[in-house]
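Numbering (the numbering used here), first residue to last: 17 to 214.
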């Protein structure tokens, strides 16, 4: 199931019609959305984040995707993620000690993608970046693990940030008791949830 949020500058008008996509815009990330394979409580789910960069992401920068408490990321390893830049898969490894373009790691509730210096992974302004997490990752390794949704039904905010440039955005995920059926809602632009660590 997929869920869509349509936005304006002043407010987010969200219509969750199955199937669909999540969308949330910010000042430095445009057309941001996540395609989870499930929104049901306590269920493992693939994720597919898509966003267009409004700033460059240089070498040594880090793209961080932070999930709220309740999401279980403990099983996610490097083989479970893919990252592409304008349709070209970047090579990934568990760190930046080799020649791969992106080093991946997990820290608490955050998935961290480090653009390795000197390996050609820098992302220019205006690029479409796609990050896949779970069994849908297949470019460099075969994904076998997925992220488990929280046990409580609620709307959770996933945050996308970078370390050296002002890349910032969030995606609301309404986790539900039963993901069969249609839901509609409106979310004011100011109600973006707590920022990572806030």
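Backbone N, C-alpha and C define an ideal beta-carbon position, used for all residues, glycine too.
- Here the C-alpha atom of residue 184 lies approximately 20 Å from the C-alpha atom of residue 97.
- The Cβ atoms of residue 80 and residue 128 lie closer than 8 Å to each other.
- Counted as a single uninterrupted DSSP element, the beta strand (DSSP E) harbouring residue 118 occupies residues 118 to 123.
- In chain order, 128, 130, 179 place their CB closer than 6 Å to the CB of residue 78, counting only its own chain and leaving out the 5 sequence neighbours on each side.
- Rounded to whole angstroms, the Cβ separation of residue 175 and residue 108 is 21 Å, and the two are not in contact under 8 Å.
- The beta carbon of residue 137 sits closer than 6 Å to the beta carbons of 106, 117, 118, 131 from its chain, once the five residues preceding and following it are set aside; these are given in chain order.
- Taking a contact as a CB-CB distance under 8 Å, the pair residue 62 and residue 150 counts as one, their CB atoms being some 3 Å apart.
- Scanning its chain for C-beta atoms nearer than 8 Å, with the 5 sequence neighbours on each side dropped, one finds around residue 72 the residues 138, 139, 140, 141, 181, in chain order.
- In the DSSP assignment, residue 94 falls outside any beta strand (DSSP E) and carries neither an H nor an E.
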